[in-house]
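Trainee: I am attaching a structure below and will ask some questions about it afterwards.
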Amino acid sequence: MKKTKASLILSLALFMSSIIAQDSPDAKAILDHIDKNERFNTIEYTGEFTVEYKGKTFVKKFKAYGRGNEDSFIEFTNSEDRGTKYLKKDGRLYVYSPDTEQVMLISGHMLKESMMGSDMSYEDTIENEKLSKRYTAVVSGSETIEGQECYVLDLKAIKKTESYPKQKLWVAKDNKMLIKYELFALSGAKLKEYKLIRSEKIAGKNFPVESQLKDLLRKGSRTVFKLDNVVIDKPISASIFSMRNLER
Amino acid sequence: MKFFMRNRTIYILLTIMLASTSSTLIADQPVISGISESSVKAGDTCYTGYTWMAEQFANIRMQADLNDKGAIHAAVNAGVSSDKEKKTTTNIEIERLYMSIYGEKSDISTGFMRIPFGYGQAFKPSDFINPQNPLYPEARLKGVLGASAQFYHIQDFKIQLFAADRSDSAHYMEERSILAGGPSLDYHNSLFSIQTLYAIQQPIDRSSNSPVHFAGLSLKFDATAGFAIDTLYAHDGEDSGEPDGLKAAFGVDYSLLKGKLYLLMQYFYNGTSSLKSSDKLDKLYGSDDWYKLPPYDRIPVNGFHEYYRRHYLLLNGVYNLSDYTSISAIIVANIEDYSLIPSIRIEHQPFQGLTLGLTFRKPIDPYIINDGSKGELGPHHTGYKNQLLIDASMRF
């Protein structure tokens, strides 16, 4: 009888530990999953972002190419910015303006500026490294975001130079999709807030095709990004990611 | 913005060319874009008193891509203006007209175009083919008739061969073409960008057989702030018309408040100056009553140049009050004769594509402060005491 009771307690303990294990998965593994889902060899898409700020709406359209997370090339196609191009290469950002007809390197101190009036800074666009290499993470709980069960992860930057020393992520339990994140300053002040609006299954990955970013220092501002015609892992000529292409 | 009537026939030919290229030669549809601007300029001149000018201006650009094999670029400036002295006049000029052919690892462009050089922020001496006026940093620069070939055989390097007619860009008094050409080399890496150039130019003096040599070096790098060095050395072996010497600009820029405030300071050394610090402007014109003539009627003894003294300083600050409103100030100062032109501009975007601007400039020199000497950037030499510009521009 004693033996039966002991084995029951043991079974219950094992069962409970498996439940706890399910609710507290390895935070590092979740970060790895997010990185894997958002990594690609190449990507090509057309897109637009809509900036709503102080009662005004600005819409910018563009064609974009990416190679890994290192190189990217964007050409704006809306009438006011037509011909403005950005090249991200080797961690540096270059811009070509059709007004000056010249390529300009965006200096490091200017990277905190808003890119084309959006809630995204230049700095946000040039970050190359995986989340799992830049942050340590702990699972701090579970929450339901718009009907979706999510793990909540608290991230702390490994390097002091990180633009956002702390992050909070909401990751869908079923497909490990990043549903929401918040970016914080070292003081704990919330700086930016991201929310996934819509994703699509593209090339076997859950890809965010519509999302919203809010820079909380710009009161009442939000930028909605929409990506169309997304093509992942189709070969793209290396010449796209060149100063030559920027100058054309 | 000022431009000059050239030939209306050229414009008609351009229009025909645009129409024909769109229907026959070009695989992709030509892309038309540009800026339309309405402006009113008012001010107090030293010669005709208070004056004003109203202008409607458009810069219309076209690019037609021939698949990935080449492209045709064209741009025209069209404007109608009216002022206190003159009745309404219409002006049309070609701003760009060139074509590019793209190869596997090289490109060739020929025609009426811009051939830019240098990384200097405002003063940019190495940009000697199409020099920029630091007081008007946003202005589109004039084109030159020329050709360039770029080679991209080594990663991160660009080797360029260029040739251009500098007669329009160098303030020479000659009425003929002044040909210049040479190679340049660009290299970019994650730490810095560097450019070197060499050019040889035909002598300006018709009786001389000695060409002018130019060597340029430009460097841009980041070290918390942004630094740019831009230099051009000119060597004129037998005094064929180009003053010998070094022109160099050194600039530092930095931004604060998450990019809301941008600051730039740049020093410009003009080693080809025709005046010493102790010289008065009278020496420049060989007379002490030069200021009685408006600037366009004066002829300097040693020919026209962009700058006549040796040391200049530029200060620029831009503060973004919001995403839609900014205030900027530029001061260009001659630190030898203490003359300067401060300029302040407020810009506002009421909606996407429309920008409203208000600019005020006032040349200052010791003469207007305490009856001292007249300065190069002062009201008598520039020709105006103050200037107010109100403009509205739309992009399309």
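Protein sequence lines correspond, in order, to chains A and B. Count along the first sequence starting at 1, add 6, and that's the number in the working numbering. Count along the second sequence starting at 1, add 280, and that's the number in the working numbering. C-beta: ideal position from N, C-alpha, C; glycine also. Note that the coordinates shown come from a computational prediction; the quantities given were computed from them, not determined experimentally.
I'd like to know whether the C-beta atoms of Y588 of chain B and E656 of chain B end up nearer to each other than 9 angstroms.
Mentor: Numbered from 1 along the second sequence, position 308 holds the residue referred to as residue 588 of chain B. Numbered from 1 along the second sequence, position 376 holds the residue referred to as residue 656 of chain B. Yes, the pair counts as a contact, with Cβ atoms nearer than the cut-off.
Trainee: Do you know how far the Cα of P659 of chain B is from the Cα of S567 of chain B?
Mentor: Here residue 567 of chain B refers to the residue found at position 287 when the second sequence is read from its first residue. Here residue 659 of chain B refers to the residue found at position 379 when the second sequence is read from its first residue. In a straight line, the C-alpha of S567 of chain B is about 18 angstroms away from that of P659 of chain B.
Trainee: Which residues in the same chain have their Cβ closer than 7 angstroms to the Cβ of L669 of chain B, if we skip the five residues on either side of it in sequence?
Mentor: Start at 1 with the first residue of the second sequence, and residue 669 of chain B comes out as number 389. Result list for L669 of chain B: S319, K321 and T639, in chain order.
Trainee: Quick one: does A528 of chain B have its CB under 9 angstroms from some CB of chain A?
Mentor: By 1-based counting over the second sequence, the position of residue 528 of chain B is 248. Output row for A528 of chain B: interface = no.
Trainee: Determine the direct distance from the alpha carbon of T552 of chain B to that of S490 of chain B, and round the result to whole angstroms.
Mentor: Residue numbering aside, residue 490 of chain B sits at position 210 when the second sequence is read from its first letter. Residue numbering aside, residue 552 of chain B sits at position 272 when the second sequence is read from its first letter. The alpha-carbon atoms of S490 of chain B and T552 of chain B are separated by roughly 18 angstroms.
Trainee: Considering only residues of the same chain and omitting the five flanking positions on each side of V65 of chain A, which have a CB-CB separation below 7 angstroms?
Mentor: Numbered from its first residue, the first sequence carries residue 65 of chain A at position 59. Within the same chain, V65 of chain A has close Cβ partners E54, T56 and N84.
Trainee: So is P104 of chain A in contact with chain B if we call contact Cβ pairs under 9 angstroms?
Mentor: Taking the first residue of the first sequence as position 1, residue 104 of chain A is located at position 98. Yes, its Cβ sits closer than 9 angstroms to a Cβ of chain B.
Trainee: Less than 8 angstroms between the CB atoms is what I'm expecting for I255 of chain A and V236 of chain A, so what's the real figure, rounded?
Mentor: Residue 255 of chain A is absent from the structure shown; chain A starts at 7 and stops at 254.
Trainee: Since F472 of chain B sits in a beta bridge, which residues does DSSP pair it with?
Mentor: The residue you call residue 472 of chain B lines up with position 192 of the second sequence. Looking at the DSSP assignment, F472 of chain B forms a beta bridge with B:F501.
Trainee: How long is the line joining the alpha carbons of L537 of chain B and E129 of chain A, rounded to whole angstroms?
Mentor: Residue mapping note: residue 537 of chain B aligns to position 257 of the second sequence, counting from 1. Residue mapping note: residue 129 of chain A aligns to position 123 of the first sequence, counting from 1. If I take the Cα positions, the gap works out to 15 angstroms.
Trainee: Could you check where the beta strand (DSSP E) with D160 of chain A kicks off and where it finishes?
Mentor: For the purposes of this step, residue 160 of chain A is identified with residue 154 of the first sequence, where counting begins at 1. Start and end: Q154 to A163.
Trainee: Please report whether the beta-carbon of F283 of chain B lies at a distance below 9 angstroms from any beta-carbon of chain A.
Mentor: One-based indexing of the second sequence puts residue 283 of chain B at position 3. With a pLDDT of 37 at F283 of chain B, under the threshold of 50, the modelled position of that residue is not reliable, and no figure is offered here.
Trainee: Among the candidates A:G147, A:E149 and A:S193, whose CA atom is the shortest distance from the CA of K166 of chain A?
Mentor: On the first sequence, residue 166 of chain A is found 160 positions in, with the first residue counted as 1. It is A:S193 whose Cα lies nearest to the Cα of K166 of chain A.
Trainee: Since I believe L197 of chain A is in contact with P214 of chain A (beta carbons under 8 angstroms), could you give me their beta-carbon distance rounded to a whole number of angstroms?
Mentor: Taking the first residue of the first sequence as 1, we reach residue 214 of chain A at position 208. Taking the first residue of the first sequence as 1, we reach residue 197 of chain A at position 191. About 20 angstroms; that fails the 8 angstroms criterion.
Trainee: Let me make sure I understand the geometry here. Which of B:A528, B:D363, B:E586 and B:I480 has the alpha-carbon closest to that of G323 of chain B?
Mentor: Counting from 1 along the second sequence, the entry for residue 323 of chain B is found at position 43. The option with the nearest alpha carbon to G323 of chain B is B:D363.
Trainee: In terms of residue numbering, what span does the beta strand (DSSP E) encompassing S549 of chain B cover?
Mentor: One-based indexing of the second sequence puts residue 549 of chain B at position 269. Inspection of the sequence shows that residue 549 of chain B is occupied by Tyr rather than by Ser. L541 to N550 is the extent of the beta strand (DSSP E) around Y549 of chain B.
Trainee: Does K139 of chain A come out as helix, strand or coil in the three-state DSSP assignment?
Mentor: As a first step, residue 139 of chain A is located in the first sequence; it is residue number 133 there, counting from the start. Helix, per DSSP.
Trainee: With a threshold of 16 other CB atoms inside 10 Å of the CB of S300 of chain B, please say whether the residue is buried or exposed.
Mentor: The residue labelled residue 300 of chain B in the question sits at position 20 within the second sequence. Per-residue confidence for S300 of chain B stands at a pLDDT of 45, beneath the threshold of 50, marking its modelled position as unreliable; no derived number is given.
Trainee: By the 8 angstroms beta-carbon criterion, what residues does the region 326-352 of chain B contribute toward chain A?
Mentor: Listed in sequence order: R341, Q343 and A351.
Trainee: Could you give the residue range of the beta strand (DSSP E) that holds I112 of chain A?
Mentor: For this step, residue 112 of chain A is matched to residue 106 along the first sequence. Unbroken run through I112 of chain A: none, as it is neither H nor E.
Trainee: Using a Cβ-Cβ cut-off of 9 angstroms, state whether T229 of chain A counts as contacting chain B.
Mentor: Here residue 229 of chain A is taken as the residue at index 223 of the first sequence, counted from 1. Not closer than 9 angstroms to any Cβ of chain B, the Cβ of T229 of chain A fails to qualify, so no.
Trainee: Assign I238 of chain A to one of three DSSP states: helix, strand, or coil.
Mentor: The residue given as residue 238 of chain A occupies position 232 in the first sequence. Residue state, collapsed to three classes: strand.
Trainee: How do the region 179-189 of chain A and the region 142-159 of chain A stand: do at least 3 beta-carbon pairs fall below 8 angstroms, yes or no?
Mentor: Judged by Cβ distances under 8 angstroms, the region 179-189 of chain A makes contact with the region 142-159 of chain A, as three or more pairs qualify.
Trainee: So that I know if they touch, is there some Cβ in chain A lying closer than 9 angstroms to that of E365 of chain B?
Mentor: Residue mapping note: residue 365 of chain B aligns to position 85 of the second sequence, counting from 1. Closer than 9 angstroms: no.
Trainee: In the DSSP assignment, find the beta strand (DSSP E) that holds L536 of chain B and state where it starts and stops.
Mentor: Within the second sequence, the letter at position 256 stands for residue 536 of chain B. Here the beta strand (DSSP E) through L536 of chain B covers G525 to L536.
Trainee: Tell me which same chain residues have a C-beta within less than 6 angstroms of the C-beta of L526 of chain B, skipping the five on either side of it?
Mentor: Translated into the one-based positions of the second sequence, residue 526 of chain B becomes position 246. So the list reads Y513 and G551, once near-sequence residues are dropped.
Trainee: Got a sec: which bits of the region 534-554 of chain B sit with their beta carbon under 7 angstroms from any beta carbon on chain A, in order along the chain?
Mentor: Flagged, chain order: Y534, S535, K538 and G539.
Trainee: Given 8 angstroms as the limit, is there contact between the region 493-500 of chain B and the region 397-414 of chain B, that is, 3 or more CB pairs closer than that?
Mentor: Enough Cβ pairs lie closer than 8 angstroms, so yes.
Trainee: From the DSSP output, which residues share a beta bridge with N43 of chain A?
Mentor: On the first sequence, position 37 is the one that residue 43 of chain A refers to. According to DSSP, N43 of chain A bridges with nothing at all.
Trainee: Using a Cβ-Cβ cutoff of 8 angstroms, what residues of the region 372-404 of chain B are near chain A? List them in chain order.
Mentor: Listed by position, the residues of the region 372-404 of chain B near chain A (Cβ gap below 8 angstroms) are S380, Y382, D387, R394, P396 and Y399.
Trainee: At a CB-CB cut-off below 9 angstroms, which residues of chain B make contact with F190 of chain A?
Mentor: As a working mapping, residue 190 of chain A is identified with position 184 in the first sequence. Going along chain B, no residue has its Cβ under 9 angstroms from F190 of chain A, so there is no contact; the nearest lies around 15 angstroms.
Trainee: Just to confirm the assignment: which complete beta strand (DSSP E) runs, minimum length 3, are found wholly within the region 551-627 of chain B?
Mentor: Whole beta strand (DSSP E) segments, 3+ residues: 591-600 and 605-614.
Trainee: Which residues in chain A have a C-beta closer than 8 angstroms to the C-beta of S473 of chain B? List them in chain order.
Mentor: Translated into the one-based positions of the second sequence, residue 473 of chain B becomes position 193. Near S473 of chain B (Cβ distances below 8 angstroms), the residues of chain A are L111.
Trainee: Would you verify that the beta carbon of D96 of chain A is, or is not, closer than 9 angstroms to some beta carbon of chain B?
Mentor: Sequence index remark: in the first sequence, residue 96 of chain A carries index 90 (1-based). Chain B contact via Cβ: present.
Trainee: My guess is that R204 of chain A and E58 of chain A are in contact by the Cβ rule of under 8 angstroms, so how many angstroms apart are they, rounded?
Mentor: As a first step, residue 204 of chain A is located in the first sequence; it is residue number 198 there, counting from the start. As a first step, residue 58 of chain A is located in the first sequence; it is residue number 52 there, counting from the start. R204 of chain A to E58 of chain A, Cβ: 18 angstroms. No contact.
Trainee: Tell me, please, which residues DSSP counts as bridged to I480 of chain B.
Mentor: Position 200 of the second sequence, counted from the first residue, corresponds to residue 480 of chain B. Note: I480 of chain B sits in a beta bridge opposite B:G461 and B:H493.
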